[in-house]
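Working notes for the structure below.
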Amino acid sequence: MATIDVTEQDFETEVLERSKSVPVVVDFWAEWCGPCRALGPALEKAADAREGDVVLAKVDTDANPAIAQAFRIQGIPAVKAFKDGQIVAEFVGAQPPPQVAKFIDGLLPSQADGLVAAGDEQSLRDALALEPGRADAAVPLARLLHERSDDDEALEVLGNVAGSFAADGLAARIRLEQDPELADAFAALDSGETERGLDALIAAIAANGDDRREDLRRAVVGVLDGLGVEHPVARESRRKLASALY
3 MATIDVTEQD FETEVLERSK SVPVVVDFWA EWCGPCRALG PALEKAADAR EGDVVLAKVD
63 TDANPAIAQA FRIQGIPAVK AFKDGQIVAE FVGAQPPPQV AKFIDGLLPS QADGLVAAGD
123 EQSLRDALAL EPGRADAAVP LARLLHERSD DDEALEVLGN VAGSFAADGL AARIRLEQDP
183 ELADAFAALD SGETERGLDA LIAAIAANGD DRREDLRRAV VGVLDGLGVE HPVARESRRK
243 LASALY
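Once you know that position 103 of the sequence shown is 105 in our numbering, the rest is easy, because the numbers rise by one and skip nothing.
Below you can see the structure in the form of structure tokens.
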């Protein structure tokens, strides 16, 4: 069912937990609220039309004041959309049906999202045709190309991406792999010896003052980005990188 009634007792299960698998749109309303009665049918129609791709949860603020207070509802109708247990979009007041439909469509995966999730080469190429420069399509495609030694095309794909540490790092690695002195560092990274590989690249930064220095930095940052902020190797390697650079 695309529309459900939610109370204080089941809000966590029906909204927060459910939103980890499907977007949940919460309609905060009350019986006495005229604009709520105008908005409600538009929300229900839009949710029904998406055939289970989104769930509409209706919360009566009079019957469930604790929820309304928790989410600081000051005026109704108020609509909040949840994904992965977090609010990702919201609006207050009645909206015309086209705006409601646009709001809900904005929560759903795009065609490119589905292609990226598929992950095969043709799907990644199709995703980039729809949304050029998309890092989560360009980086895996470039990795596939690099694995079969199509490095020129891999660099071309990565060159269309802006603001991605992963893309910059992979492009830098492809260029640096022409240096046999760095072969051991990259072999260590590929074999899971991440700390040893990073240490070797950072040592090369300290030893080089030429134009390779920036590519070495990018290659290291790309690996650190993949590890994540809290990874212990990443924390220590950031300190080492800073010492090598400054």
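Where is the CB? At the ideal position from N, CA and C, for every residue including glycine.
As the structure is a computational prediction, the values presented were derived from the model and not from experiment.
Apart from the five residues just before and just after residue i, which ones in its own chain have a Cβ nearer than 7 Å to its Cβ?
{"i": "GLY54", "result": "ALA4"}
{"i": "LEU160", "result": "ALA140, ALA144, ALA169, LEU172 and ALA173"}
Using alpha carbons as the reference points, say which of the options lies closest to residue i.
{"i": "THR196", "options": "ALA137, GLY116, SER239 and CYS38", "result": "SER239"}
{"i": "ALA59", "options": "GLY42, LEU110, ASP29 and ALA51", "result": "ASP29"}
{"i": "LEU132", "options": "VAL118, LEU191 and PRO142", "result": "VAL118"}
{"i": "GLY194", "options": "VAL235, ARG177 and ARG215", "result": "VAL235"}
{"i": "ASP186", "options": "GLY199, LEU178 and ARG177", "result": "GLY199"}
Need the endpoints of the alpha helix (DSSP H) that residue i sits in, please.
{"i": "ILE106", "result": "99-107"}
{"i": "LEU45", "result": "36-51"}
{"i": "ALA156", "result": "153-161"}
Check residue i in the structure and name its three-state DSSP category.
{"i": "GLN88", "result": "strand"}
{"i": "PHE167", "result": "helix"}
{"i": "PHE93", "result": "strand"}
{"i": "PHE73", "result": "coil"}
{"i": "ASP186", "result": "helix"}
{"i": "VAL24", "result": "coil"}
Hey, quick one: how far does the beta strand (DSSP E) through residue i stretch, first residue to last?
{"i": "THR5", "result": "5-7"}
Is the beta carbon of residue j closer than 8 Å to that of residue i?
{"i": "ALA208", "j": "LEU184", "result": "no"}
{"i": "PHE167", "j": "ARG175", "result": "no"}
{"i": "ALA246", "j": "ILE204", "result": "yes"}
{"i": "LYS49", "j": "VAL27", "result": "Correcting the residue type first, residue 49 is Ala in the shown sequence and not Lys. For ALA49 and VAL27, yes; Cβs fall inside 8 Å."}
{"i": "SER21", "j": "LYS104", "result": "no"}
Only counting the same chain, and skipping five residues up and downstream in sequence, which positions put a Cβ closer than 6 Å to that of residue i?
{"i": "PHE93", "result": "VAL81"}
{"i": "ASN66", "result": "THR9 and GLU10"}
Among residues of its own chain, excluding the 5 on either side of residue i, which ones have a beta-carbon nearer than 8 Å to its beta-carbon?
{"i": "LEU110", "result": "PRO25, ARG52, ASP55 and VAL56"}
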